[in-house]
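Per the numbering used here, the sequence shown starts with residue 818, numbered consecutively.
Down below is the structure, laid out as structure tokens.
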Amino acid sequence: MAEPIADICLVGTGAVGGILAKELGSAGLKVVAFERGAALTLEDYAVRDAIRFITRSALAEWARHDPVTFRNLPSERALPRIHTINAVGGQMLHWTGQAARFMPGDFKVFTREIASGVAERAKADLTGYEIFDWPIDYDDLEPYYEKFEWEFGVSGGGGNPFAGARKRGYPLPPLRRSAKMELFDAACKKLGYHTYVSGAGVLSQPYRPAAPYDSRIEERPACAYCGHCNEYGCHINAKAATLYTSIPVALKTGNVDLRTNTRVFRLNSDDSGRITGVSYFTPDKQIREQRGRVVIVCGYAFENVRLLLLSERSGKAGIANSSGTVGKGIFGHGDVRINGLFDDYIVNSFIGPNSAAVRIDDFNGNNFDHNNLGFIRGGGIGSSGDGTPVQRYDVAPPGMRRWGKDYKKYLARYYTRTLEINVTPETLAHRDNVVDIDPEHKDEWGISLPRVTFSFHQNERRMHAYLAKVGENIMRATGANKMWSRLPGAATRWSGGTRMGSDPKTSVVNGYCQSHDIPNLFVVGASVFPTLTGYPATATISALSYRTAEYITRQREWFR
Ligand SMILES: Cc1cc2nc3c(=O)[nH]c(=O)nc-3n(C[C@H](O)[C@H](O)[C@H](O)COP(=O)(O)OP(=O)(O)OC[C@H]3O[C@@H](n4cnc5c(N)ncnc54)[C@H](O)[C@@H]3O)c2cc1C
Ligand code: SF4
């Protein structure tokens, strides 16, 4: 018997899928939500066990079966790597919680920095880069940033002179200040920089949203400052995550059919060019089809690309790709870290959530004079340094071996006396950085893996070196007795691959994350970013999710 047609087929229930499920189910639409991982319970993710969660990456269990292949250059053979957490709630279950809005200028890099002549005056070599403006701007997203902050409970201080205007402040006061925040704050002020306490998706007080936000989301307690945010689920649910905020509300609507351990591998379309539904594997690896009036792909960056490339239209590989840009324009942050050791000061960097941070945007975006610097853009800089010893075992001065008597002595003395400054430099889209389909490796279902080809190019390399110097100056001003910096090896926080834009010739989706080619297909998440910015993505993809959900619910004629 054929399954009844759903209004919405949702592929993935992470940060994005968790918001879309609630918004669309609450609007009365019948949603079938596919999630290739399991639905975890507090007992699964609450254990404070660094070996289990950090060294052995227990939360990524499902991902072991479903890796991504990586290489730096097209001439290399790509090798599989475990990539992300696959479970209901997605990576947001073990995110750090930095909840940052982008700056207004971040949405218009082409206009403000290339067309305006900034790049030329900087003497930046942008050969090979493909830089586009977003088709929307900060003001389009502002009400949805607010909704995210007030529904998920973001704690923050404000006071960043470079931030866009906000109609409402944060729902919660900032988290308590730690020694690392004080050190960083004082050093930056000494140098004349503009410090602020950044937004954190961690509750500084018990919180439940009140009207006009969604008061069906249950109250959660304040953070206990245990310091186990990053790579863990929070044991008291004080950290924002869709698993225990929006997803329970979505399920209570009675309109969301959540199918765990089911893996979508193809998007189906008909001859008229409309999406008709998805094909998926059941938990016991049977192939099934689910028809849907609208399909929303939100499986995170590389999986979004993979699904579009592996689907077919009129017998031809790839859908929603008339621009030929699916898989192009990927990027990730190349974090620069500056570490300092103090002989006479206990920092105890592991205390409290790492999202409780003092930051500066003086060297982010286009906030500083780039004349003759040889690059455009920049990055956010902040206090950092969370982590249990297992997470920080590699924080040791250059030349020191990470084992043996000397290392043990060093760790015993300096683990509590270490400060880290973290820089999040922007990476720009380059024509050589792409995701495609790996011709060699398949997953255990026999489906080809996504293959990532990525390296940092000249603009990033110059920026990394410059920002490392800025970070070192700040570290010097803290009074650290010894310091060193680490330039990025691998990239992190992946984005791009299904670019958003107003021109269907150079982009995959429009400003509502709707395919230019197939109006009932949506791709939502950081894969739609045309540019990366110097901030992490989650607040912005959440804002995009609310905006897309509102747009879809307005199309009532689609669901008659
Ligand atoms: C350790 C860590 C720390 C982070 N810290 C921060 C931070 O401080 N600030 C910040 O802004 N961001 C942070 N992030 C990033 C943040 O978690 C992501 O931006 C966010 O979770 C992305 O949401 P998403 O819904 O697009 O993807 P995900 O959260 O990855 O969810 C995608 C979901 O789709 C499912 N799925 C994928 N493909 C399929 C398929 N074919 N069929 C069925 N299901 C599928 C996956 O299993 C997954 O559950 C962090 C991430 C990590 C890993
Ligand atoms: S520091 Fe706070 S938010 Fe982070 S895991 Fe501990 S209690 Fe949860």
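The beta carbon of each residue, even a glycine, is placed where N, CA and C say it ideally should be.
- When P1026, V1114, S1332, R1316 are compared, the shortest CA-CA separation from A1246 is found for R1316.
- By the criterion of a C-beta distance shorter than 6 Å, T1370 is surrounded in its chain by A844, once the five residues flanking it on both sides are discounted.
- The alpha-carbon separation between F1167 and V1207 amounts to approximately 11 Å.
- Every alpha helix (DSSP H) of 4 residues or more that sits fully in the region 934 to 1012 is shown, in chain order, as 935 to 939, 955 to 969, 996 to 1007.
- Residue range 1251 to 1259 is occupied by the beta strand (DSSP E) that includes K1259.
- Rounded to the nearest whole angstrom, the CA to CA distance from P1347 to T1241 is 17 Å.
- In the three-state scheme derived from DSSP, where H, G and I count as helix and E and B as strand, D1074 is classed as strand.
- Every residue whose Cβ sits closer than 5 Å to any heavy atom of ligand 2 is listed here in chain order: V1019, C1040, A1041, C1043, H1045, C1046, C1051, A1055, K1056, P1170.
- One thing to note: I1155 has its Cβ within 8 Å of the Cβ of M1292.
- Of all C-beta pairs linking the region 1293 to 1306 to the region 1139 to 1158, three or more are shorter than 8 Å, placing the two stretches in contact.
- Taking a contact as a CB-CB distance under 8 Å, the pair L1020 and L1084 does not count as one, their CB atoms being some 38 Å apart.
- If you ignore the 5 residues before and after D1253, its C-beta comes within less than 6 Å of the C-beta of G1144, R1268, all in its own chain and listed in chain order.
- Selection I1177, V1287, T1295 evaluated against P978 yields I1177 as nearest (Cα-Cα).
- Straight-line spacing of the CA atoms in T913 and G1116 works out to 19 Å.
- Annotation: M1300 is outside any alpha helix (DSSP H); the continuous beta strand (DSSP E) that includes it extends over 1299 to 1303.
- Under the DSSP assignment, V1340 falls in the beta strand (DSSP E) whose first and last residues are 1338 to 1340.
- Around the C-beta of I1163, fewer than 16 other C-beta atoms lie within 10 Å, and the residue is accordingly described as exposed.
- Between G1169 and Y862, the C-beta spacing is not below 8 Å.
- Contact fails between the region 1208 to 1224 and the region 958 to 978, because fewer than three Cβ pairs, one in each stretch, are under 8 Å apart.
- In the three-state DSSP reduction, S1096 falls in the strand class (E or B).
- Relative to the Cα of V1340, the nearest Cα in the group N1188, V1112, M1280, R1037 belongs to V1112.
- Spanning the alpha carbons of E930 and E1106 requires a straight line of approximately 47 Å.
- The criterion of a C-beta distance shorter than 8 Å is not satisfied by T1070 and E852.
- Within the region 834 to 885, the complete beta strand (DSSP E) segments at least 3 residues long are 848 to 852, listed from N- to C-terminus.
- When the beta-carbon positions are compared, S1139 and D1334 come within less than 8 Å of each other.
- Of the other Cβ atoms in all chains shown, 16 or more fall within 10 Å of the Cβ of G1151; this residue is therefore buried.
- Rounded to the nearest whole angstrom, the C-alpha separation of G1195 and V926 is 12 Å.
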